[in-house]
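Be aware that the sequence shown starts at 83, since it is given in the working numbering, and climbs by one per residue. Worksheet: one structure, shown below.
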Amino acid sequence: MQTLIGSNDLGSFIFTYSYVFIFGACLGSFFMVVGLRLPQKENLITPSHCDNCQTRLKPWHLIPLVGYLVLRGKCSNCHQKIPAIYPLFELLTGTLFTLIVYLMRFNQETIIALLFISLLLTCTVSDISSRKILNSITYPAFILFLILRLTVSQLNPWWFALVGAGIGFTILLLLGLLSFAMLKQKGMGGGDIKLFTVVGVVIGPLPVLVVLVSASVLSLLYVGVDFMITKKFKRKLPFGPFIALAALLVYIYISGMWDQVMRLF
């Protein structure tokens, strides 16, 4: 894989990155299924079907991006429109995977980067669709990333992963308790706290604080723009997507990929 990625041969270049994009798009479709079904305790291996008429989708309908185009964005049976978020999410995942592999090549950190993006995307879907970030996702992710950070690709120094996890967990737990004490209502979900703990493991103590500030700013901007458009103030909104976006941006910056992107332009 590394030879192909570093090769100057145009055919190898196109083949490699086409493969990475298709692989990422297929995983994006799977992440969407996991994020939508797990919170509802639905079986992940149940055949996909139209939400309106329950007609089973044929195998070629499930091909990422292509299936949506073949169906022309509608169910083949009842002609109900298929939400465009499905192909867009597949496109986003495929693009992110391709960008990561192109910028980082294929090494130990690339594995962590792709797994990290997978976690953030899945949690985003889950939190938006059901306002839940499940323990069945965050617990295995915490164990996996902690093992990888202590063995395969360590932070510098290595114990930053442990400190980052501790800070990520503690600071969001304190914010949640403070919000409950002041507002007498649940302000920070347990899923957000656990996701933030995993983020701390991956990026370390100082960057995780930057993620918190960035996620808070992004959420406030969203609320402000939404208020200007709808003239309604949203008191409750999922915080997970803002954590995910901020974590992705900070990770891209601290891993050196941001400089490479700037050089491309």
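Even for Gly, the Cβ is constructed at its ideal location relative to N, Cα and C.
Within 7 angstroms: the Cβ of residue i and any heavy atom of the ligand NAP?
i	result
L300	The ligand content of the structure shown is nil, which means the ligand NAP is not present either.
For residue i, I'd like the list of residues in its chain whose CB is within less than 7 angstroms of its CB, leaving aside the five on either flank, ordered along the chain.
i	result
I253	L294
M114	Y168, F171, V207
L153	H143, I164
L86	Residue placement at L86 is poorly supported in this model, since its pLDDT is 45, which falls under 50; the coordinates are not used for a value here.
L202	A326, A329, L330
L232	W240, A243
Q84	Because the pLDDT at Q84 is just 45, under 50, the model does not fix this residue reliably, and the value given afterwards should be weighed accordingly. R187, F188.
D91	none
H131	T137, R138, L139
M310	none
F198	V284, Y333
L255	I275
Would you say residue i and residue j are within 8 angstroms of each other, going by their C-beta atoms?
i	j	result
L237	G286	yes
F103	G149	no
V283	F224	yes
K276	I215	yes
L118	S218	no
G110	D209	no
P141	C108	no
F251	T220	no
S301	F324	yes
Return the Cβ separation of residue i and residue j in integer angstroms, given the expectation that the two are a contact with Cβ distance under 8 angstroms.
i	j	result
K158	I194	The displayed chain sequence assigns Ser, not Lys, to residue 158. Not quite, the Cβ-Cβ distance comes to about 40 angstroms (not below 8 angstroms), so this is no contact.
F105	F179	7 angstroms
Using C-beta distances below 6 angstroms, list every residue in its chain close to residue i, excluding the 5 sequence neighbours before and after it, in chain order.
i	result
L288	none
S228	Residue identity differs from the one stated: residue 228 is Leu in this sequence, not Ser. V283, listed in sequence order.
Q191	Here residue 191 is Glu; the residue named in the question, Gln, does not match the sequence. Excluding sequence neighbours, E191 sits near S235.
M339	L185
S200	none
C160	N134, C135
In the structure shown, what three-state DSSP assignment does residue i receive?
i	result
H143	helix
K276	helix
L86	Any reading at L86 must be qualified, since the residue scores a pLDDT of 45, below 50, and its modelled position is unreliable; no value is offered.
R187	coil
R138	strand
Note down, in chain order, each residue of its chain lying with its Cβ closer than 8 angstroms to the Cβ of residue i, except the 5 sequence neighbours on either side.
i	result
L291	I249, I253
I96	none
Q342	L185
Tell me whether residue i is buried or exposed, calling it buried when 16 or more other Cβ atoms sit within 10 Å of its Cβ.
i	result
Y333	buried
S337	buried
G88	Confidence at G88 is low in this model, with a pLDDT of 47, below 50, so its placement is unreliable and the value that follows should be read with caution. Flag for G88 reads exposed.
I182	buried
D274	buried
G246	buried
T128	exposed
P121	buried
C135	exposed
L196	buried
L151	exposed
L259	exposed
Counting only beta-carbon separations shorter than 8 angstroms, does residue i have a partner in chain C?
i	result
F179	The structure shown contains no chain C; it is built from a single protein chain.
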